[in-house]
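In the numbering used here, the protein residues as written are -12 to 301.
Dropping the structure here:
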């Protein structure tokens, strides 16, 4: 009898595995903090929904590697794919390959270049990137005004990967917000890409410091780069109350820097919300259900006054 029950259980488990929907995921980089949050969010949502098998691979910011991963996913006949792009301009080719194979595709977090012409079986889940740049710059302007620096502040921009639409939109929106506000007198002293990385931002900020030019404001496209700037400023003996530093994402490291009085502003990007939206969209598309071509998760401003609401959310 025990042998019979064990056999029945094994058959049931095999049937459940066979019924599970396989979603293959190509992540831009496992080394990127926010991409790690997305990966954890994808797994959490898949577990919550049940009946989903995730196959997750690291593209290591390599476009060729990511294209190879997508082609392998297609060859293995997965039910759906989720991609955080190594290069947003590579999206049309990925979309075409997925469409030709009849496999649903969801782009996550990094907006594809073809976002306005996605096939019916594809979608983008992310956030309106320009909003984050605008929110951060507006909050920075308020802080500069409080210090009487709105007319002569020297600002430095730390940009993400130039291949990403998020970099371009966050940067331009920040510039536009300053130009349209009481801070139109702020000078953009320099802007450089640091590829979302803390160490790159530290090196760039160190170079700015050693050039001898004043730094009143640092606008970073993400928290990692903002923290790199903070580390460079502190190493140079700069009083953090003399510099406004702005990040984006509201990561745990970012919030810790804010609690320490070093990061003045960040903007919450909802990793769990984006990841859950991507899983839900992928499953819906695999079941021939309609999904909006753009699923947008709002950004939210984070300051020392509101930080408690965002603890533990990224």
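Even for Gly, the Cβ is constructed at its ideal location relative to N, Cα and C.
Keep in mind the model is a prediction, meaning the values are calculated, not measured.
Endpoints, the beta strand (DSSP E) within which residue i is located
i, result
"residue 92", "92 to 95"
"residue 42", "39 to 45"
"residue 227", "Looking at the DSSP string, residue 227 is not in any beta strand (DSSP E), and its letter there is neither H nor E."
"residue 69", "67 to 70"
"residue 21", "Note, residue 21: premise wrong, no beta strand (DSSP E); alpha helix (DSSP H) at 20 to 36."
"residue 105", "From DSSP, residue 105 is part of no beta strand (DSSP E); its letter is neither H nor E."
"residue 253", "253 to 255"
"residue 206", "204 to 207"
Start and end residues, alpha helix (DSSP H) containing residue i
i, result
"residue 6", "-11 to 6"
"residue 212", "210 to 222"
"residue 176", "Unbroken run through residue 176 is the beta strand (DSSP E), 174 to 180; no alpha helix (DSSP H)."
"residue 289", "Segment 287 to 289 is the beta strand (DSSP E) holding residue 289; no alpha helix (DSSP H) there."
"residue 60", "50 to 63"
"residue 271", "258 to 273"
"residue 250", "Note, residue 250: premise wrong, no alpha helix (DSSP H); not H, not E."
"residue 241", "239 to 246"
"residue 190", "185 to 197"
Same chain, Cβ closer than 8 angstroms to residue i, neighbours up to 5 away in sequence not counted
i, result
"residue 38", "3, 6, 7, 8"
"residue 240", "20, 210, 211, 214"
"residue 82", "92, 99, 101, 105, 106, 109"
"residue 270", "8, 10, 36, 39, 67"
Span separating the alpha-carbon of residue i from that of residue j
i, j, result
"residue -6", "residue 14", "Low confidence applies here, because residue -6 scores a pLDDT of 39, under 50, leaving its location unreliable; read the following figure in that light. Their backbone Cα atoms lie some 38 angstroms apart in a straight line."
"residue 30", "residue 96", "16 angstroms"
"residue 289", "residue 249", "14 angstroms"
"residue 12", "residue 229", "43 angstroms"
"residue 286", "residue 279", "19 angstroms"
"residue 60", "residue 131", "50 angstroms"
"residue 237", "residue 142", "21 angstroms"
"residue 204", "residue 43", "38 angstroms"
"residue 54", "residue 70", "10 angstroms"
"residue 86", "residue 108", "8 angstroms"
"residue -10", "residue 58", "The predicted model places residue -10 with a pLDDT of 40, which falls under 50 and marks its position as unreliable; any figure quoted below should be read in that light. Spanning the two alpha carbons is a distance of roughly 43 angstroms."
"residue 111", "residue 253", "24 angstroms"
"residue 188", "residue 274", "44 angstroms"
"residue 267", "residue 234", "29 angstroms"
"residue -1", "residue 148", "Confidence at residue -1 is low in this model, with a pLDDT of 36, below 50, so the placement of that residue is unreliable and no value is reported for it."
"residue 282", "residue 93", "10 angstroms"
"residue 32", "residue 48", "24 angstroms"
"residue 218", "residue 50", "31 angstroms"
"residue 196", "residue 155", "25 angstroms"
"residue 63", "residue 167", "51 angstroms"
"residue 36", "residue 139", "53 angstroms"
"residue 67", "residue 200", "51 angstroms"
"residue 133", "residue 244", "21 angstroms"
Cutoff 6 angstroms; reference residue i; Cβ partners in own chain excluding five residues on either side
i, result
"residue 164", "121, 124, 125"
"residue 28", "258, 259, 262"
"residue 179", "191"
"residue -8", "A caution first: residue -8 carries a pLDDT of 35, below 50, which makes its placement in the model unreliable, though a value can still be read off. For residue -8, where only same-chain residues beyond five positions count, there are no Cβ hits under 6 angstroms."
"residue 88", "61"
Counterpart residues of residue i in DSSP-defined beta bridges
i, result
"residue 112", "95, 282"
"residue 141", "174"
"residue 146", "180"
"residue 169", "Beta-bridge pairing links residue 169 to no other residue."
"residue 14", "45"
"residue 74", "None; residue 74 has no bridge partner."
"residue 9", "40"
"residue 236", "255"
Residues of its chain near residue i, where Cβ-Cβ distance is below 7 angstroms and the 5 sequence neighbours each way are ignored
i, result
"residue 75", "97, 98, 99, 100, 150, 151, 152"
Residue i classed as buried or exposed, judged by whether at least 16 other C-beta atoms fall within 10 angstroms
i, result
"residue 297", "buried"
"residue 172", "exposed"
"residue 185", "buried"
"residue 136", "buried"
"residue 315", "Lying outside -12 to 301, the shown extent of the chain, residue 315 is not represented and no answer is given."
"residue 208", "buried"
"residue 65", "buried"
"residue 161", "buried"
"residue 246", "exposed"
"residue 158", "buried"
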